[in-house]
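Protein sequences, first through last, are from chains A and S. With UniProt numbering as the guide, the letters of the first sequence map in order to residues 1 to 245. With UniProt numbering as the guide, the letters of the second sequence map in order to residues 1 to 245. Even glycine gets a Cβ: it sits at the ideal position worked out from N, Cα and C. A short worksheet on the structure shown next.
There are 2 protein chains.
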Amino acid sequence: MSAEEERFLKDYVPREYPSVALAVDLVVFAVTGSTLNAAFVRRGNHPFKDALALPGGFVLPDEDALTAAWRELEEETGLDLGEHRAHVEQLATFSSPKRDPRMRVVSVAHLALLATDGRTLPDLARGSDAAAAEWLPVYNVLADGDLAFDHREILAAALGRLAGKIEYTLTAARLLPEEFTLNQLRRVYQAVWNTTRLDAGNFTRKMTGALQDSGRKVTHGKGAPAAVFTVRDEYLSPPLIRPAK
Amino acid sequence: MSAEEERFLKDYVPREYPSVALAVDLVVFAVTGSTLNAAFVRRGNHPFKDALALPGGFVLPDEDALTAAWRELEEETGLDLGEHRAHVEQLATFSSPKRDPRMRVVSVAHLALLATDGRTLPDLARGSDAAAAEWLPVYNVLADGDLAFDHREILAAALGRLAGKIEYTLTAARLLPEEFTLNQLRRVYQAVWNTTRLDAGNFTRKMTGALQDSGRKVTHGKGAPAAVFTVRDEYLSPPLIRPAK
DNA sequence: CCAATAGTGTCTATTAGACAGTATGCT
DNA sequence: AGCATACTGTCTAATAGACACTATTGG
């Protein structure tokens, strides 16, 4: 930095600019069986008392939004995020002046994925907030549920992002343990796309190119043992296209 | 709103929350020939005095970010945005605490597209700011140019978004007049992807399904007259895949 | 043996990409 | 005529999607 620039910054007095509170909201996804679930908190206060809402919180002065999202994810789930192979990415920013009736809050929404074995959802311990978060099936909530603020719009945006992204990446594997079978992966796709139309045979052929076969096999009670894979390439080429409903 | 809720909001006193200045930055693209250009302003003050920067400004108290982006686009270009068929969409939010050394400024970056006839770039009148914006070829700036703040990262994100989006949508047509020829459209693709590998014949075949033939033809000095199209479907199916470089 | 799952084989219709060929209009 | 551009035709290799088939396990 030049001496001139240092002098400038030292003497800099900011004009009055409109200021806002900066928050993050989280759409946390996890899969059981062939169902896509998201984490919700039940609001204890007005506005939107007793309605479902997405977990979230304010961005601290020394954090960027992504760091705040990771912190809130850990605080609101109480989980070991390493064990759950958590993935967090920025989704979009919601900035309508009236989205929170109390004051101006701009929210940077984030998409978070947690790994499960496909059988049980992670236990959501009560974090710093009074009420623990709960898992609910995404497609049910979008069909029926009332959500606080603009959280329905955020949830829909997150689902759209995830549904699109797994067409051309192996992001779906972030919803599974590091090692998984093709059947597990196919169930994740079916959960996210809310469909049962994925042919197991064709799915195998299209995916194996991007996967690494561990050489080991695993058995799930019934049926032939299944090969265990890890992700080799993060990108699918050609992409797997979502079937028309 | 219930009486109880009204009472709550009336008596609501916000706690102290960290506040930030909220800004928008704009990546404004337009095409001439087979070159993708973006609009830049030359900074007159520290920090980053004399460096190139993206146009932008602060979000006003009663605006959301998208509205602010439209307003700044009009102010900084001085153009009739209707005539240029402007398209603006949110790109991503940049929130590193130190991205502006003067104070905390969180920027919601936006992608803007302006239509040209493919021959000349719109004249950028000097707006409310002292210096007029200028057009520069995007790939040159990314290769050589120094940009202020984190604007190189924003520019790269915008280019990536546009390059990806035109694979499966006709967003590229927003860089052309409402009516255009397939040759014009192909030049836009080549400009955005920085390639010359698009076969004109195959391009015709793949695009015509999503386009509406006006029935009219137009001639450009040399060669056979070209059919004039408008956009019929915003989505391309199947997508047009970017050739490997 | 039966049921359920894993994974491969096969067939057909469609498509991409390369490139040839024809038509049109300007100079 | 000569040339540049617009667009269609054709060929080949690759692919998707449907579905049959075999193999392997537990009950």
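Measuring alpha carbon to alpha carbon, tell me which of the options ends up nearest residue i.
{"i": "Val24 (chain S)", "options": "S:Asp50, S:Thr35, S:Ala51, S:Pro55", "result": "S:Pro55"}
{"i": "Val218 (chain S)", "options": "S:Lys206, S:Ala200, S:Thr181", "result": "S:Thr181"}
{"i": "Leu26 (chain S)", "options": "S:Ala92, S:Tyr189, S:Asn194, S:Ala163", "result": "S:Ala92"}
{"i": "Val228 (chain A)", "options": "A:Phe94, A:Asn183, A:Asn202", "result": "A:Asn183"}
{"i": "Arg42 (chain S)", "options": "S:Thr196, S:Arg205, S:Leu240, S:Glu134", "result": "S:Glu134"}
{"i": "Leu176 (chain A)", "options": "A:Arg15, A:Pro18, A:Phe29", "result": "A:Phe29"}
{"i": "His110 (chain A)", "options": "A:Ser214, A:Leu159, A:Met103, A:Pro101", "result": "A:Leu159"}
{"i": "Leu162 (chain S)", "options": "S:Val105, S:Val138, S:Pro47, S:Glu4", "result": "S:Val138"}
{"i": "Glu74 (chain A)", "options": "A:Asp62, A:Pro61, A:Val88", "result": "A:Val88"}
{"i": "Glu83 (chain A)", "options": "A:Leu114, A:Val59, A:Pro101, A:Leu155", "result": "A:Leu114"}
{"i": "Val108 (chain S)", "options": "S:Leu66, S:Gly223, S:Ala3", "result": "S:Leu66"}
{"i": "Met207 (chain A)", "options": "A:Gly215, A:Gly221, A:Pro225, A:Thr169", "result": "A:Thr169"}
{"i": "Glu6 (chain S)", "options": "A:Glu5, A:Ala39, A:Pro47, A:Phe40", "result": "A:Pro47"}
{"i": "Phe40 (chain S)", "options": "S:Gly78, S:Phe94, S:Arg15, S:Leu136", "result": "S:Leu136"}
{"i": "Ala3 (chain A)", "options": "S:Glu153, S:Ala244, S:Lys49", "result": "S:Lys49"}
{"i": "Gln90 (chain S)", "options": "A:Ala38, A:Asp144, A:Ala157", "result": "A:Ala157"}
{"i": "Gly118 (chain A)", "options": "A:Val31, A:Asp144, A:Gly215, A:Arg216", "result": "A:Val31"}
{"i": "Arg205 (chain S)", "options": "S:Asn194, S:Gly215, S:Pro238, S:Arg216", "result": "S:Pro238"}
{"i": "Ala38 (chain A)", "options": "A:Asn194, A:Leu155, A:Pro243", "result": "A:Leu155"}
{"i": "Gly78 (chain A)", "options": "A:Pro243, A:Phe203, A:Arg126", "result": "A:Arg126"}
{"i": "Ala244 (chain S)", "options": "S:Gly215, S:Phe203, S:Asn202, S:Asn194", "result": "S:Asn194"}
Can the beta-carbon of residue i be found less than 7 Å from the beta-carbon of residue j?
{"i": "Ala210 (chain A)", "j": "Arg232 (chain A)", "result": "yes"}
{"i": "Leu124 (chain S)", "j": "Ala112 (chain S)", "result": "no"}
{"i": "residue 246 (chain A)", "j": "Leu36 (chain A)", "result": "No answer is possible for residue 246 (chain A): it lies beyond the span of chain A, which begins at 1 and ends at 245."}
{"i": "Glu178 (chain A)", "j": "Thr120 (chain A)", "result": "no"}
{"i": "Ser96 (chain S)", "j": "Asp11 (chain A)", "result": "no"}
{"i": "Ala53 (chain A)", "j": "Ala148 (chain A)", "result": "yes"}
{"i": "Pro61 (chain A)", "j": "Pro18 (chain S)", "result": "yes"}
{"i": "Leu240 (chain A)", "j": "Glu167 (chain A)", "result": "yes"}
{"i": "Val20 (chain S)", "j": "Arg102 (chain S)", "result": "no"}
{"i": "Ala224 (chain S)", "j": "Asp146 (chain S)", "result": "no"}
{"i": "Leu22 (chain S)", "j": "Val59 (chain A)", "result": "no"}
Count the other CB atoms within 10 Å of the CB of residue i; is the residue buried (16 or more) or exposed (fewer)?
{"i": "Arg174 (chain A)", "result": "buried"}
{"i": "Tyr235 (chain A)", "result": "exposed"}
{"i": "His151 (chain S)", "result": "buried"}
{"i": "Thr116 (chain A)", "result": "buried"}
{"i": "Arg86 (chain S)", "result": "Sequence inspection shows Ala at residue 86 (chain S); the Arg mentioned does not correspond to that position. Per the 10 Å Cβ criterion, buried."}
{"i": "Gln190 (chain A)", "result": "buried"}
{"i": "Gly33 (chain S)", "result": "exposed"}
{"i": "Pro122 (chain A)", "result": "buried"}
{"i": "Ala69 (chain S)", "result": "buried"}
{"i": "Glu76 (chain S)", "result": "buried"}
{"i": "Asp213 (chain S)", "result": "exposed"}
{"i": "Val196 (chain A)", "result": "The residue you asked about is not Val; residue 196 (chain A) is Thr in the sequence shown. The residue in question, Thr196 (chain A), is exposed, as its Cβ has fewer than 16 Cβ neighbours within 10 Å."}
{"i": "Asp100 (chain S)", "result": "buried"}
{"i": "Val16 (chain A)", "result": "It is worth fixing the name first, because residue 16 (chain A) is Glu in this sequence and not Val. So Glu16 (chain A) counts as exposed."}
{"i": "Gly44 (chain S)", "result": "exposed"}
{"i": "Gly57 (chain A)", "result": "buried"}
{"i": "Gly221 (chain S)", "result": "exposed"}
{"i": "Ala172 (chain A)", "result": "buried"}
Can you pull the chain S neighbours of residue i, defined as C-beta to C-beta under 8 Å?
{"i": "Leu60 (chain A)", "result": "Pro18"}
List, in chain order, every chain A residue whose beta-carbon is nearer than 7 Å to that of residue i.
{"i": "Asp64 (chain S)", "result": "Ser95, Ser96, Pro97"}
{"i": "Val106 (chain S)", "result": "Leu22"}
Along chain A, which residues have their Cβ under 8 Å away from the Cβ of residue i?
{"i": "Glu153 (chain S)", "result": "What Glu153 (chain S) touches in chain A: nothing, since even the nearest Cβ is about 13 Å away."}
{"i": "Glu5 (chain S)", "result": "His46, Pro47, Lys49"}
What residues from chain S crowd round residue i, counting only those whose CB sits closer than 9 Å?
{"i": "Val27 (chain A)", "result": "Correct list: empty, because the minimum Cβ distance to chain S is about 16 Å."}
Interfacial residues, the stretch 131–150 of chain S to chain A, with Cβ spacing under 8 Å: Within the stretch 131–150 of chain S, no residue qualifies.
**Asked** Which of the residues in the stretch 10–24 of chain S, read from start to end, lie with their CB under 9 Å from any CB of chain A?
**Response** Cβ contacts with chain A: Tyr12, Pro14, Tyr17, Pro18, Ser19, Val20, Ala21, Leu22, Ala23.
Query raised in the report: Going along the stretch 46–58 of chain S in order, which residues come within less than 8 Å of chain A, judged by CB to CB distance?
Result: Of all residues in the stretch 46–58 of chain S, the ones placed with a Cβ closer than 8 Å to any Cβ belonging to chain A are His46, Pro47, Lys49, Phe58, in chain order.
Problem set entry | Interface positions of the stretch 81–102 of chain S facing chain A (Cβ-Cβ less than 8 Å), listed along the chain | Residues are counted here when their Cβ sits less than 8 Å from a Cβ of chain A; for the stretch 81–102 of chain S these are Gln90, Ala92, Thr93, Ser95, Ser96, Pro97, Pro101, Arg102, given in chain order.
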